[in-house]
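Colleague: Numbering (our numbering), first residue to last: 28 to 161.
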């Protein structure tokens with residue numbers, strides 16, 4: 028889970044980098060790739076766009092860091108905490124996927140699925156979702 032959180036934090040930092048022209052290269056590449064856009068088609072300078080991408084990055088980074096720092100408490104709390112975290116991930120996955128398709132960025136479901144699988148495989152394999160004693 029530490030590596031998973033690190034990946035989320037890193038992705039958040041990449042998105043946050045989209046807030047500044049000097050650091051927006053990775054975000055531009057991702058948007059062009061996931062949206063099937065022609066090079067140069069993405070306009071991060073459109074009103075609110077840089078702010079939105081940077082804010083999304085800050086939230087994503089914060090989400091990963093929060094989970095990372097709470098891992099000891101989640102482990103101690105056991106299955107109820109893991110089920111809550113898993114439900115939160117599932118809600119994000121459904122909403123993000125639906126909006127990705129609706130806005131023309133359906134390929135975004137591919138990295139989302141990879142992130143969800145990277146979370147679920149170790150959690151399911153560990154038995155963390157099962158009640159204590161089972």
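Where is the CB? At the ideal position from N, CA and C, for every residue including glycine.
Computed from a predicted model, the values in this text were never measured in an experiment.
Would you say the segment 73-93 touches the segment 32-52, given that touching needs at least three Cβ pairs under 8 Å?
Modeller: yes
Colleague: Looking only at its own chain, which residues have a Cβ that is under 7 Å from the Cβ of residue 132, when we skip the five neighbours before and after it?
Modeller: To locate residue 132, count along the chain shown from 1; it is residue 105. Here the set comprises 61, 62.
Colleague: Between the alpha carbons of residue 94 and residue 149, how many angstroms are there, rounded?
Modeller: As a working note, residue 94 is residue 67 in the chain shown. As a working note, residue 149 is residue 122 in the chain shown. Distance between the alpha carbons of residue 94 and residue 149 is about 15 Å.
Colleague: On the criterion of 16 or more Cβ atoms from any shown chain inside 10 Å, does residue 128 qualify as buried, or is it exposed?
Modeller: Counting from one through the chain shown, the residue named residue 128 turns up at place 101. Residue 128 should be labelled exposed.
Colleague: What is the C-beta distance between residue 91 and residue 36, in whole angstroms, given that I count them as a contact (C-beta under 8 Å)?
Modeller: If you number the chain shown from 1, residue 91 lands on position 64. If you number the chain shown from 1, residue 36 lands on position 9. With a Cβ gap of about 4 Å, residue 91 and residue 36 count as contacting.
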